[in-house]
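J.: In full-length UniProt numbering, the protein residues as written are 1 to 469.
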Amino acid sequence: MFLPVIMAGGSGSRLWPLSRQLKPKQFLPLADAGLSMLQATIRRLEGLDAGLPRLICNEEHRFLAAEQLRLLGMAKANILLEPVGRNTAPAIALAALQACAEADDPLLLVLAADHQIQDVSAFHASVRAAMPLAEDGKLVTFGIVPTHAETGYGYIEKGEGIGDTGFAVSRFVEKPNMIEAQEYLASGNYFWNSGMFMFRASRYLHELERFRPDILAACRTALEGASRDMQFTRVDQAAFTACPEDSIDYAVMEKTEDAAMVPLDAGWSDIGSWSALWGISEKDEQGNVFKGDVLHQRSCNNFVHADSRLVATVGVDDLVIVETKDAVLVAHKDHVQDVKKIVEQLKGCSRNEHLNHREVYRPWGVYDSIDRGQRYQVKRITVQPGAKLSVQMHHHRAEHWIVVSGTAKVTNGDKTYLVTENQSTYIPVGQVHALENPGVIPLDLIEVQSGSYLGEDDIVRFEDKYGRA
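1. Alpha carbon to alpha carbon, how far is residue 355 from residue 23?
2. Since residue 271 and residue 114 should fall inside the 8 Å C-beta cutoff, what is the C-beta to C-beta distance between them, to a whole number of angstroms?
3. Since residue 259 contacts residue 139 with CB under 8 Å, what's their CB separation in whole angstroms?
4. Helix, strand or coil, according to DSSP, for residue 268 in the structure here?
5. Quick one: what does DSSP say residue 280 is sitting in, helix, strand or coil?
6. Could you spell out the range, first to last residue, of the beta strand (DSSP E) harbouring residue 4?
7. Between which two residues does the beta strand (DSSP E) carrying residue 470 extend?
8. For the region 313 to 374, list the beta strand (DSSP E) runs that are entirely contained and at least 3 residues long, ordered along the chain.
9. Should residue 122 and residue 331 be called a contact, given that it needs their Cβ atoms to be closer than 8 Å?
10. Work out the CA separation of residue 159 and residue 360 for me, nearest whole Å.
11. I'd like to check one pair, residue 263 with residue 191: are the Cβ atoms closer than 8 Å?
12. Consult DSSP for residue 74 and reduce its assignment to one of helix, strand or coil.
13. Counting Cβ pairs, one atom from each stretch, are 3 or more of them under 8 Å apart for the region 369 to 384 and the region 28 to 46?
14. Hey, quick one: how far does the beta strand (DSSP E) through residue 377 stretch, first residue to last?
15. Go ahead and label residue 395 buried or exposed: buried means 16 or more other beta carbons lie within 10 angstroms of its beta carbon, across all protein chains shown.
16. Quick check: residue 393 and residue 431, are their CB atoms within less than 8 Å of each other?
17. Quick check: the region 233 to 246 against the region 203 to 223, are there 3 or more CB pairs under 8 Å?
18. Roughly how many angstroms separate the alpha carbons of residue 256 and residue 157, rounded to a whole number?
19. Between residue 417 and the rest of its own chain, which residues show a CB-CB distance below 7 Å, the 5 nearest in sequence each way excluded?
20. By Cβ distance below 6 Å, which residues in the same chain neighbour residue 283 in space, the five residues on each side in sequence not counted?
21. Suppose contacts are defined by Cβ-Cβ distances below 8 Å. Is residue 471 in contact with residue 77 by that definition?
22. Below 8 Å on the Cβ atoms is my contact criterion, and I expect residue 323 with residue 87 to pass it. Report the Cβ-Cβ distance as a whole number of Å.
23. Considering Cα atoms alone, identify which of 146, 35 and 406 is closest to residue 268.
24. To the nearest angstrom, how far is it from the Cα of residue 299 to the Cα of residue 141?
25. Where do the ends of the beta strand (DSSP E) carrying residue 155 lie?
26. Anyone know if the C-beta pair for residue 106 and residue 112 falls short of 8 Å?
27. Beta strand (DSSP E) containing residue 433: first to last residue?
28. Give me, in chain order, the residues of the same chain whose beta-carbon lies closer than 8 Å to that of residue 164; leave out the 5 immediate sequence neighbours on both sides.
29. Do you know whose CA, among 249, 342, 93 and 54, lies nearest residue 75's CA?
30. What do you get for residue 126, buried or exposed, if any count of 16 or more other CB atoms within 10 angstroms of its CB means buried?
31. Give the straight-line distance between the Cα atoms of residue 326 and residue 193, rounded to the nearest whole angstrom.
32. Closest by CA to residue 413, which one among 407, 406, 428 and 405?
33. Since residue 274 and residue 15 should fall inside the 8 Å C-beta cutoff, what is the C-beta to C-beta distance between them, to a whole number of angstroms?
34. Residue 466: which of 441, 415, 388 and 402 sits nearest, CA to CA?
35. Please say whether residue 294 and residue 320 have beta carbons closer to each other than 8 Å?
36. Measure the CB-CB distance between residue 391 and residue 403 and report whether it falls below 8 Å.
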């Protein structure tokens with residue numbers, strides 16, 4: 001048996017406007033219908049002798065991660081929360097230290113939550129081939145059999161054979177230019193660096209101690225000061241923030257004498273851009289990929305994603321068009337790497353479209369900001385059965401709640417009462433209040449906010465079942 005360690009960090013800025021800082025690509029159903037990329041990564045392990053996965057993600061994504069695990073029947077899976085991103089070497093160190101403290105030095109299979117693998121059987125075969133190498137003390141990486149000359153990936157040059165299907169790693173190579181990539185492809189000795197690994201927890205920690213003892217010391221301190229909250233492990237913020245930032249490739253894999261590689265030929269993609277997603281998607285006779293409500297005339301080789309309305313194309317080729325409720329992207333497929341520059345512009349202009357969608361998920365449900373203007377905002381709110389918003393108050397706004405369906409249990413000052421379909425209630429400025437769904441069906445209501453300031457930070461929480469007070 002092995003322990004899957006799934007890294008679910010990153011913002012996926014090149015897949016804006018679908019991927020946002022508070023809901024990045026690993027939590028979106030980009031490639032597998034009905035499953036987010038994280039969920040598909042976990043489902044891909046079915047049929048292997050794998051334990052309950054351990055997830056590593058940012059603190060601000062904790063409820064997204066927990067809900068997606070719950071939907072897979074894995075509500076008890078441990079989630080390690082990073083207060084800040086420090087790259088893969090520290091993240092894996094945290095998981096390895098925790099695994100050694102809880103179990104007898106397990107094998108770790110380290111995966112990224114945002115990879116797409118089309119041939120699951122081939123993936124399983126490579127994982128099984130890596131296990132005896134990892135049990136023998138090797139630090140195994142999976143080398144993707146290249147299908148074309150690619151300049152966007154690092155490469156691994158294979159050395160002598162090890163066992164039945166493994167190889168020693170001759171060297172790691174940075175992203176090449178096109179001429180070098182073509183030479184690598186022609187030689188047959190080079191593989192794409194997948195960023196997936198298998199090794200014993202103690203072997204990784206031993207090599208990290210050799211090459212980056214500063215990282216290991218900081219991670220030990222951060223984990224020693226950790227706290228547990230439900231299925232979450234919160235490492236010490238100050239200690240982990242002080243940890244140096246480095247990747248596992250630079251910190252360990254390029255330095256160790258025990259690096260090994262197992263080839264993986266399974267239709268792999270890291271879906272790092274819209275053109276990559278177009279490349280792995282099923283296309284029509286004109287080479288188009290259409291998702292949502294799309295009409296077209298004389299249009300070829302386009303990727304069009306319509307999230308909330310009709311999108312029509314006429315006489316355009318090789319475009320990426322992505323429509324969401326609050327933003328539209330139009331880009332040529334040859335320039336999609338520059339989408340992240342738009343995200344940087346949004347940050348520089350102090351806008352919010354890079355942070356979150358208009359529809360925002362919370363541990364109790366979801367809200368959609370359907371309209372706003374000077375001194376008012378209108379939200380559509382859905383509260384899941386049995387869920388409750390925090391006991392809170394606002395300094396600058398009043399709220400009017402109108403129940404559309406279901407039943408609301410309302411705390412309004414020193415009064416608690418039920419509000420049912422087609423009824424409403426009013427929460428004055430400064431009033432301590434709470435909203436709960438005591439029923440067995442979702443509670444849908446319209447909230448009208450009015451006041452001098454309507455920001456989400458105008459919330460004073462007194463009690464909260466989700467640990468946010």
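Virtual Cβ for every residue (Gly too), placed ideally from N, Cα, C.
T.: For this structure:
1. 8 Å
2. With a Cβ gap of about 6 Å, residue 271 and residue 114 count as contacting.
3. 5 Å
4. strand
5. It is helical.
6. 2 to 7
7. Because the chain in this structure spans residues 1 to 469, residue 470 falls outside the shown range and cannot be described.
8. 319 to 323, 328 to 332, 359 to 362 and 365 to 373
9. In this structure, residue 122 keeps its C-beta atom at 8 Å or more from the C-beta atom of residue 331.
10. 49 Å
11. Contact flag set, yes.
12. coil
13. no
14. 376 to 383
15. Exposed.
16. Result yes, Cβ atoms of residue 393 and residue 431 sit closer than 8 Å.
17. Touching, yes.
18. 15 Å
19. 410
20. 289
21. What the structure shows of the chain is the stretch from 1 to 469, and residue 471 is not part of that stretch, so it cannot be assessed.
22. Their Cβ separation, rounded to whole angstroms, is 33 Å, which puts residue 323 and residue 87 out of contact at 8 Å.
23. 146
24. 41 Å
25. 155 to 162
26. no
27. 433 to 436
28. Shown here for residue 164: same chain residues with a beta carbon closer than 8 Å to its own, the five before and five after excluded, namely 129 in chain order.
29. 54
30. buried
31. 36 Å
32. Ranking 407, 406, 428 and 405 by CA distance to the CA of residue 413 puts 428 first.
33. 7 Å
34. The shortest Cα separation from residue 466 among 441, 415, 388 and 402 belongs to 388.
35. no
36. no
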